[in-house]
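Numbering (the working numbering), first residue to last: 1 to 126. Everything on this sheet refers to the single structure shown next.
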């Protein structure tokens with residue numbers, strides 16, 4: 001259920017025009033993502049690192065090499081191949097959503113990605 005929602009949501013993003021829209025208000029979404037990731041990092045005693053490359057599923061102990069690219073549209077794949085941080089974020093989000101299908105306690109962490117997803121949906125990027 002969570003993975004289906006995640007895949008549908010990501011595939012609705014217009015990846016070919018991403019970055020052509022956005023406002024100054026979008027910085028609030030970025031700040032909110034950073035706040036949520038900081039809370040997660042502190043509460044799980046994660047060594048300081050770039051918040052755009054933290055794999056939450058991995059940090060929770062779910063170490064697998066899931067092929068998330070099978071869920072990508074052609075446009076999404078093209079975009080993430082040119083944006084390292086988007087690539088990490090989307091892979092981590094999809095991996096966590098697939099795990100959430102099986103382990104319900106994990107789904108609460110999906111909310112960390114909400115501000116980033118809203119940026120993508122608005123046509124903005126970071």
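Built from N, CA and C at the ideal position, the CB exists for glycine as well.
Beta-carbon within less than 6 Å of residue i's beta-carbon, same chain only, minus the 5 sequence neighbours each way: which residues are those?
| i | result |
| --- | --- |
| residue 107 | 2 and 100 |
| residue 32 | 115 |
| residue 36 | 112 |
| residue 7 | 71 |
Just mark residue i as buried or exposed, buried being the case when its beta carbon has 16 or more other beta carbons within 10 Å.
| i | result |
| --- | --- |
| residue 5 | exposed |
| residue 13 | buried |
| residue 98 | buried |
| residue 90 | buried |
| residue 11 | exposed |
| residue 87 | buried |
Is the Cβ-Cβ distance between residue i and residue j less than 8 Å?
| i | j | result |
| --- | --- | --- |
| residue 109 | residue 56 | yes |
| residue 34 | residue 48 | no |
| residue 68 | residue 95 | yes |
At which residues does the alpha helix (DSSP H) containing residue i begin and terminate?
| i | result |
| --- | --- |
| residue 58 | 56-59 |
| residue 71 | No alpha helix (DSSP H) contains residue 71, which DSSP labels as neither H nor E. |
| residue 36 | 26-43 |
| residue 13 | It is not in any alpha helix (DSSP H) - residue 13 carries neither H nor E in the DSSP assignment. |
| residue 108 | Taken as a continuous stretch (DSSP letters only), residue 108 belongs to no alpha helix (DSSP H), as it is neither H nor E. |
| residue 87 | 84-102 |
Spatial neighbours of residue i within its chain, please: C-beta separation below 7 Å, excluding the five flanking residues on both sides.
| i | result |
| --- | --- |
| residue 16 | 75 |
Below 8 Å CB to CB, which residues in the same chain sit around residue i once its five sequence neighbours on both sides are set aside?
| i | result |
| --- | --- |
| residue 118 | 29 |
| residue 125 | 18, 19, 22, 83, 86 and 119 |
### Sufficient close CB pairs (3 or more, under 8 Å) joining the stretch 36-43 to the stretch 70-85
no
### Query
If we count Cβ pairs, one from each stretch, closer than 8 Å, do we get three or more for the stretch 18-35 versus the stretch 57-70?
no
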